[in-house]
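S.K.: Provided herewith is a single structure, encoded as structure tokens, for subsequent inquiry.
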Amino acid sequence: PPQQWQRDQPQRNLRWKKRSKKKLKMKQILRNAIAPENGRYDCTTTPFNKREFVARCLTTICGKSDSESFSIMMEAHNNGIGVIGLYAFEIAELYHSRLRDEGLSVDMIPV
């Protein structure tokens, strides 16, 4: 039995790793609340937040540069949706909770 277990173990780990990578990738999207609904469950911002505040939250919480956070914020303002990035589940969950603590209404989308 120990030899059988050792022989089967690498295959089990390989299958687990393939499955876990698919589950752990998450995409966060920032969407302006004024935009029309497009059937997606995305990150939203309330119209009460100023654009500078949203950009500052993206800079301090998500670690984006000033230019990246400003372009994400302007994309959300103009188009209604702005992609923050692709993150592992734990990191996306951390950003999600911290952005919600700042007053942004945020959701995650599994990819």
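The opening residue of the sequence shown carries number 1 in UniProt numbering; numbering runs sequentially from there. All C-beta atoms in this analysis are idealised placements derived from N, C-alpha and C, irrespective of residue type, glycine included.
DSSP state of E75, grouped into three classes?
M.R.: Helix.
S.K.: Count the other CB atoms within 10 Å of the CB of L99; is the residue buried (16 or more) or exposed (fewer)?
M.R.: buried
S.K.: Once DSSP output is grouped into helix, strand and coil, what is the label at S97?
M.R.: helix
S.K.: Is the Cβ-Cβ distance between H77 and R56 less than 8 Å?
M.R.: no
S.K.: Between which two residues does the alpha helix (DSSP H) holding residue 176 run?
M.R.: Look at the range of the chain in this structure, 1 to 111, and you will see that residue 176 is not part of it.
S.K.: Within this structure, are the beta carbons of residue 124 and I84 separated by less than 8 Å?
M.R.: Residue 124 lies beyond the stretch modelled for the chain, which goes from 1 to 111, so this question has no answer here.
S.K.: For K64, which residues from the same chain have a beta carbon less than 6 Å from its beta carbon, with the 5 sequence-adjacent residues on both sides left out?
M.R.: Taking C-beta separations shorter than 6 Å and ignoring five residues to either side along the sequence, the partners of K64 in its chain run L58, following chain order.
S.K.: Measure the beta-carbon distance from L94 to V111 and round it to whole angstroms, keeping in mind my assumption that it falls under 8 Å.
M.R.: Not a contact, Cβ separation roughly 17 Å.
S.K.: Just to check my reading of the structure: A92 and M108 have Cβ atoms closer than 8 Å, yes? What is that Cβ distance to the nearest angstrom?
M.R.: 5 Å
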